[in-house]
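Asks:
Residue numbers (the working numbering), protein chains in the order written: chain W, 55 to 223; chain R, 127 to 222.
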């Protein structure tokens with residue numbers, strides 16, 4: 055059996071088998087686009103810090119160390135953003151939501167691509183594009199819950215807006 | 127039912143622990159005849175295209191009630207109700 059599994063693993067790497075999910079959602083019903091939004095903001099912040107570090111000269115070991123740390127965090131948060139959006143798409147959103155918001159599937163697809171683009175680039179524009187699409191997803195998310203949203207300046211050094219749900223008084 | 131009588135699936139997630147572990151493979155047969163209580167089946171999630179692997183707990187005239195072996199971590203008929211027999215894609219005959 056162990057050998058058979060090794061063989062199947064090899065084959066799966068070349069021609070992936072279909073997936074059958076032993077789906078383990080409890081399901082907790084706790085979903086929020088906030089993590090994806092935070093991650094997109096972090097990507098932008100890292101782009102800003104990379105630009106600053108380059109301006110100040112990053113040729114010595116200290117400077118290079120800084121750049122590597124920024125890039126590493128940018129990479130991680132772009133991946134967190136993708137993960138969070140995948141969870142929302144796969145676990146929260148239902149076909150009815152996609153019917154009511156026909157742009158939903160393309161939007162998710164775009165975010166996944168833009169997050170990869172943001173990994174490849176240090177251009178703050180790539181991060182901004184990612185953030186804007188994540189914000190649009192957040193708006194759709196809250197709409198499906200019947201909760202209205204507003205855009206406000208986020209209290210982060212990214213100096214950019216964020217979509218918030220109107221909850222409470 | 128699927129066109130091909132035999133399919134191999136790679137299993138993701140933990141709802142069938144300890145019978146099937148995350149990353150195991152299952153071989154399923156599409157032309158399976160009768161489904162009985164206790165059988166493990168591959169089925170389509172009623173709310174989407176996702177394929178699930180679960181154990182049959184109850185068989186009714188035109189539907190089956192499926193649950194995960196790992197009840198604490200499983201989304202199954204307890205959440206989405208019994209599924210139509212047409213949603214069944216195959217019966218699992220081997221776990222590798």
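Even for Gly, the Cβ is constructed at its ideal location relative to N, Cα and C.
Residues in its own chain within less than 6 Å of residue 194 of chain R by CB, not counting five upstream and five downstream?
Replies: Within the same chain, residue 194 of chain R has close Cβ partners 141, 142, 180, 200 and 202.
Asks: Going along chain W in order, which residues have a C-beta closer than 7 Å to the C-beta of residue 178 of chain R?
Replies: Simply 74, 75 and 77.
Asks: Is residue 197 of chain R helix, strand or coil by DSSP?
Replies: Helix.
Asks: For residue 194 of chain W, does the three-state DSSP call read helix, strand or coil?
Replies: It is helical.
Asks: Using a Cβ-Cβ cut-off of less than 8 Å, give me the residues of the segment 127–148 of chain R that come near chain W, in sequence order.
Replies: So the close ones are 133, 134, 135, 136, 137, 138, 139, 140, 141, 142, 143, 146 and 148.
Asks: Does the beta carbon of residue 155 of chain R sit closer than 8 Å to a beta carbon anywhere in chain W?
Replies: No, residue 155 of chain R does not count as interfacial toward chain W.
Asks: Against chain W, does residue 187 of chain R count as a neighbour if the rule is that its beta carbon must be under 8 Å from one of theirs?
Replies: Residue 187 of chain R does not count as touching chain W.
Asks: Using the beta-carbon of each residue, which ones in chain W are nearer than 8 Å to residue 222 of chain R?
Replies: Within 8 Å Cβ-Cβ: 55, 58, 59 and 62.
Asks: Measuring only the C-alpha atoms, how far is residue 144 of chain W from residue 85 of chain W?
Replies: Approximately 11 Å between the Cα atoms of the pair.
Asks: Measuring straight from C-alpha to C-alpha, what distance separates residue 209 of chain R and residue 189 of chain R?
Replies: Their backbone Cα atoms lie some 5 Å apart in a straight line.
Asks: In chain R, which residues lie with their C-beta within 9 Å of the C-beta of residue 71 of chain W?
Replies: Chain R residues near residue 71 of chain W: 133, 134, 135, 136 and 151.
Asks: By how many angstroms is the C-alpha of residue 218 of chain R removed from the C-alpha of residue 165 of chain R?
Replies: C-alpha separation (whole angstroms): 7 Å.
Asks: Alpha carbon to alpha carbon, how far is residue 147 of chain R from residue 138 of chain R?
Replies: Those two C-alpha atoms are separated by around 8 Å.
Asks: Anything in chain W within Cβ reach of residue 173 of chain R, meaning under 8 Å, just list it in chain order.
Replies: Result: 148 and 149.
Asks: With 16 as the cutoff for other CB atoms within 10 Å, does residue 159 of chain W come out buried or exposed?
Replies: Counting Cβ neighbours within 10 Å, residue 159 of chain W comes out exposed, since fewer than 16 surround it.
Asks: Could you say which of W:135, W:190, W:71 and W:201 lies nearest to residue 170 of chain W if we only look at CA atoms?
Replies: Residue W:135 is the option with its Cα nearest to residue 170 of chain W.
Asks: DSSP on residue 149 of chain W, reduced to helix/strand/coil?
Replies: Helix.
Asks: When you compare only the Cα positions, how much space is there between residue 57 of chain W and residue 126 of chain W?
Replies: So the two alpha carbons sit approximately 37 Å from each other.
Asks: I'd like the span of the beta strand (DSSP E) that includes residue 216 of chain W, first residue to last.
Replies: 215–219 is the span of the beta strand (DSSP E), which, as asked, contains residue 216 of chain W.
Asks: Give, in chain order, every unbroken run of the alpha helix (DSSP H) that is at least 4 residues long and sits entirely within the segment 101–182 of chain W.
Replies: Complete alpha helix (DSSP H) runs here, min 4: 115–141, 149–154 and 158–174.
Asks: Once the 5 residues before and after residue 90 of chain W are set aside, which same chain residues still bring their CB inside 6 Å of it?
Replies: Hits under 6 Å: 135, 138, 139 and 188.
Asks: Are any of the Cβ atoms in chain R nearer than 8 Å to that of residue 114 of chain W?
Replies: Output row for residue 114 of chain W: interface = no.
Asks: Would you say residue 207 of chain R reaches chain W, if we count a Cβ-Cβ gap shorter than 8 Å as a contact?
Replies: So no, residue 207 of chain R is outside the interface.
Asks: Does residue 66 of chain W have its Cβ less than 8 Å from a Cβ in chain R?
Replies: For residue 66 of chain W, the answer is yes, since a Cβ of chain R falls inside 8 Å of its Cβ.
Asks: Kindly indicate the opening and closing residues of the alpha helix (DSSP H) around residue 59 of chain W.
Replies: Note, residue 59 of chain W: alpha helix (DSSP H), 56–68.
Asks: Does the beta carbon of residue 164 of chain R come closer than 8 Å to any beta carbon on chain W?
Replies: False, the Cβ-Cβ gap to chain W never drops below 8 Å.
Asks: Contact criterion: CB-CB distance below 8 Å. Does residue 80 of chain W meet it with respect to chain R?
Replies: Its pLDDT being 49, under 50, residue 80 of chain W is placed unreliably in this model, and the coordinates cannot settle the point.
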